[in-house]
Amino acid sequence: MVGYDAAVAAVQDPNADPILLAKIAYENPEFGANVAVNPRCYPGLKRWIAEFGDDRARETLAQYGFTAEAFGGPVQDQKATAQAAQQPAAQAAFEEPVATNPYGFTAEQALTTTDQMQIAQIAQYAPELRACIARNPNTYPALIEWLGQLGDPAINAALASRQ
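Heads up, the sequence shown is in this note's numbering, so the first residue is 48 and it goes up one at a time.
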């Protein structure tokens with residue numbers, strides 16, 4: 048849990064870690080508006096705040112033209128049956144990477160987690176697992192878009208398998 052003083056310092060820091068900002072927005076909703084205007088707040092986090100943040104945060108983002116609808120509408124839950132049907136076929140076509148990150152993230156976590164914060168942390172701290180994140184049906188659209196811009200052949204193949 049991010050303490051109050053640490054949260055205040057982070058939202059005022061123009062070089063704050065984006066993952067820390069996401070954690071602050073999740074754990075301390077009253078800081079949502081401050082997180083949203085921080086220059087290091089990435090589009091996926093703005094979308095999340097626009098959809099799940101408190102009224103003040105949503106109003107602040109609306110003033111900048113950011114609403115949940117502007118980012119493609121509310122986040123849609125994937126149906127469990129669709130996930131079950133897609134995963135075995137997709138997993139058979141790909142070789143699982145060896146996790147080399149010091150944070151303990153695994154390929155299985157990257158493929159199956161539904162926790163958006165954990166998905167963002169894996170993307171930041173475990174680049175060897177980004178292809179797995181690209182195959183995870185729960186990965187949020189802004190991160191999928193970012194992964195597509197990296198130009199990595201393994202990630203591109205994983206993204207192609209989603210469609």
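Beta carbons are placed, not taken as given, at the ideal position from N, Cα and C, and that holds for glycine.
Q) Along the chain, where does the alpha helix (DSSP H) that runs through C179 open and close? A) 177–182
Q: Please determine, among Q163, A154, Y150, the residue with the shortest C-alpha to C-alpha distance to E143.
A: A154
Q) Can you tell me whether G100 is buried or exposed, with buried defined as 16 or more other CB within 10 angstroms of its CB? A) buried
Q: Give the straight-line distance between the Cα atoms of T186 and D52, rounded to the nearest whole angstrom.
A: 31 Å
Q: Report yes or no: do three or more beta-carbon pairs, one from the stretch 171–185 and one from the stretch 78–92, lie closer than 8 Å?
A: no
Q) Is V82 near L68, with beta carbons less than 8 Å apart? A) yes
(Q) So, for A146: in the same chain, excluding its five sequence neighbours on each side, which residues have a beta-carbon less than 8 Å away from its beta-carbon? (A) F152, T153, A154, A173, E175, L176
Q. Who are the near neighbours of I202 in its chain, counting only those whose CB is closer than 8 Å to its CB and skipping five residues on each side?
A. R177, A178, A181, L194, G195
Q. What is the DSSP secondary structure of P65, reduced to helix, strand or coil?
A. helix
Q: Drop a sphere of 10 angstroms on the beta-carbon of L197, count the other beta-carbons inside from all chains shown, and report buried for 16 or more, exposed for fewer.
A: exposed
Q) Is M164 helix, strand or coil when you go by DSSP? A) helix
Q. Would Q156 be called buried (16 or more neighbouring beta carbons within 10 Å of its own) or exposed?
A. buried
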